[in-house]
Amino acid sequence: MIVIVDERELVTEGYNSLFDREGIACAGFASGEFGEWVNSAADTDLRSVRAFLIGDCREGSISPRQIRDRTGAPVIALSEQHSLENTLRLFESGVDDVIRKPVHIREILARITAIRRRAQEDVAYTEIGAMRIFMDGRDPEIDGQPLPLPR
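One rule links them: number in our numbering = place in the sequence shown (from 1) + 11.
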């Protein structure tokens, strides 16, 4: 499921229709409703979210960091302002990507897939009980302490 947050119901309904054509479930919220939902949603509901698309919202009403406290799903800003200052402000707020509108739905889906793929690559270790085994050649750790291995 993709969650779209925008104050304009016409926008959330439009994206809902476009994602539906691609076979992707979608839910739309105004920023006030979204804040309540993200704070009260069950973890299982949040795990089903592939990405959050943040559009036109009241200033300061949506915090990408607040979303990230609950889920690792990508947070993407949909921007109608074509300015470097706005793009940098959005990245500083914690979004994973900024997409300038208008944009094709398939491009949004491709960006979501790329962000999720990179996030999975960042997990460069496996945990087995108290042991953490790194995939980059570092010595393993047990209970957070390095276990030097002979080379």
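Positions of the beta carbon are idealized from the N, C-alpha and C atoms, including for glycine.
In this text, all values refer to a predicted model and were calculated from it rather than measured experimentally.
- Annotated three-state conformation of residue 24 is helix, per DSSP.
- Assignment of residue 73 by DSSP, reduced to helix, strand and coil, places it in the coil class.
- Contact check for residue 33 and residue 116: beta-carbon distance about 6 Å, within the 8 Å limit, so the pair qualifies.
- Our two residues, residue 145 and residue 22, have alpha carbons roughly 44 Å apart in a direct line.
- Judged by their CB atoms, residue 14 and residue 40 are nearer to each other than the 8 Å cut-off.
- Boundaries of the beta strand (DSSP E) around residue 138: 136 to 139.
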